[in-house]
Amino acid sequence: MKKIVLKSLVASSLLCSSLLADSFVGVFGGYSLKSEFEIKDNSDFDREEGDIDKLKLDDKRVNLGVKAGYDFDSFRAYGAYRYNFKAKDSYFIDNFLGNMEWKSHDFLIGADYTPNITDSFKFSLGIYGGISRLNMRLEGIDYDDNSKDSFSKDKTGFIYGAKIGGIYELDENNEVEFGYQIDESDYGKIEDVKIKVRDHGLYLGYNYKF
Numbered sequence: 001m002k003k004i005v006l007k008s009l010v011a012s013s014l015l016c017s018s019l020l021a022d023s024f025v026g027v028f029g030g031y032s033l034k035s036e037f038e039i040k041d042n043s044d045f046d047r048e049e050g051d052i053d054k055l056k057l058d059d060k061r062v063n064l065g066v067k068a069g070y071d072f073d074s075f076r077a078y079g080a081y082r083y084n085f086k087a088k089d090s091y092f093i094d095n096f097l098g099n100m101e102w103k104s105h106d107f108l109i110g111a112d113y114t115p116n117i118t119d120s121f122k123f124s125l126g127i128y129g130g131i132s133r134l135n136m137r138l139e140g141i142d143y144d145d146n147s148k149d150s151f152s153k154d155k156t157g158f159i160y161g162a163k164i165g166g167i168y169e170l171d172e173n174n175e176v177e178f179g180y181q182i183d184e185s186d187y188g189k190i191e192d193v194k195i196k197v198r199d200h201g202l203y204l205g206y207n208y209k210f
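Below, the structure is given as structure tokens:
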């Protein structure tokens, strides 16, 4: 499914070079109602015992980004950069108190279907995907011996998502957009531990069309 989405997005972006369209640039921000950080232990020992450990942490966070692309009236394609600010959560397992923090940089390409509802308002339904660079940090205390431990790691993975919303045209050059979006980032394994991050929330943006 991820490969199909990414191939569709790449094909959409290549199509832009052969068609006449209005170019645009924009800025956007979002508020994640829930950023879920999932840790799944798939070690050989656990599989042999039939026990796969999973830990889910969550927090709210904001993001900011910039984008540029082409608008074909009822369809548009774009590239974007998004920074997801730090989220954090704590857990207590086997007398160990851990504090996890995570943030990420996303490099995206996307395509939106944007039919006109009225002269100044458009419906927007889109998909996007790309590369995500995660920074995670864990600090904790083992209360068995009162020892402290810390761990920091950067990991690159794939992100894919979808959004639904609307676009309000202020005039022929200026527009605002808003809606709801959901995405998942898969960072693969760090040793035997799989890492995924899921976000869903609201977004708001401004675009200038040339």
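Going by the UniProt record's numbering, the letters in the sequence shown line up with residues 1 to 210, in that order.
Ideal placement from N, C-alpha and C gives every residue a C-beta, glycine not left out.
Residue i, DSSP secondary structure in three states
i    : result
F123 : strand
D46  : Low per-residue confidence applies at D46: pLDDT is 43, beneath 50, and the placement is therefore not dependable, though the value from the model is reported in the following sentence. If DSSP states are grouped into helix, strand and coil, D46 belongs with the helices.
S74  : coil
D171 : coil
T156 : strand
E38  : strand
I141 : strand
E177 : strand
Beta-carbon contacts of residue i that lie in its chain and below 8 Å, excluding the five residues immediately before and after
i    : result
S152 : N135, M136, R137, L138
S23  : A68, G69, Y70, D71, K209, F210
Y81  : G65, V66, K67, H105, D106, F107, L108
Test item: CB-CB of residue i and residue j under 8 Å
i    : j    : result
E184 : K196 : yes
G140 : G201 : no
D89  : D59  : yes
N207 : G29  : no
N84  : K103 : yes
G165 : S132 : no
Same chain only: Cβ atoms within 7 Å of residue i, ignoring 5 sequence neighbours per side
i    : result
Y168 : S120, F121, E175, V176
Buried/exposed call for residue i, threshold 16 Cβ in 10 Å
i           : result
G188        : exposed
S74         : exposed
K163        : buried
residue 211 : What the structure shows of the chain is the stretch from 1 to 210, and residue 211 is not part of that stretch, so it cannot be assessed.
I117        : exposed
Y160        : buried
N63         : buried
D192        : exposed
Cβ neighbours of residue i in the same chain (closer than 6 Å, five flanking residues each side left out)
i    : result
G110 : Y78, G126, Y128
D144 : N95
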